[in-house]
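The working numbering runs 162 ahead of the 1-based position in the sequence shown.
Written out below as structure tokens is the structure these notes cover.
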Amino acid sequence: MENPAQDIDLDLRGTVCPMAFVKLRLFADQLSAADTFSALYEDTHANEPLVRSIEGVGHKVLSNQPINLGGSDLRIIRVQIVD
Numbered sequence: 163m164e165n166p167a168q169d170i171d172l173d174l175r176g177t178v179c180p181m182a183f184v185k186l187r188l189f190a191d192q193l194s195a196a197d198t199f200s201a202l203y204e205d206t207h208a209n210e211p212l213v214r215s216i217e218g219v220g221h222k223v224l225s226n227q228p229i230n231l232g233g234s235d236l237r238i239i240r241v242q243i244v245d
């Protein structure tokens with residue numbers, strides 16, 4: 163089985179919202195329209211607004227999947243930049 167963590171562009175472990183969103187937004191702002199990227203983040207109550215916030219600035223969330231990596235509650239979000 164392939165390790166999905168190998169395809170992570172941005173690792174947000176140890177960071178919670180609102181700082182997780184700030185880092186996600188800064189990363190996204192460096193990309194061009196139609197680019198996609200994936201980010202790994204902790205599945206915590208504090209990070210619940212992360213998906214809604216990135217959609218709120220106009221980007222498209224392609225997927226938001228749980229991942230088991232070292233026994234931690236993590237999620238991988240895949241985002242497409244929308245111009």
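Every residue gets a Cβ at the ideal spot worked out from N, C-alpha and C, and that includes glycine.
Since this is a predicted model, take the numbers as computed values, not measurements.
Rounded to the nearest whole angstrom, the CA to CA distance from L202 to I216 is 14 Å. V241 places its beta carbon less than 8 Å from that of F199.
Cβ contact annotation for N226 (same chain, cutoff 7 Å, sequence separation greater than five): V213, R237 and I239, in chain order. The beta carbon of D173 lies closer than 7 Å to those of L202 in the same chain, with the five residues before and after it left out. In the three-state reduction of the DSSP assignment, P180 falls in the coil class, being assigned neither a helical nor a strand state.
Relative to the Cα of G233, the nearest Cα in the group D205, C179, D169 and L186 belongs to D205.
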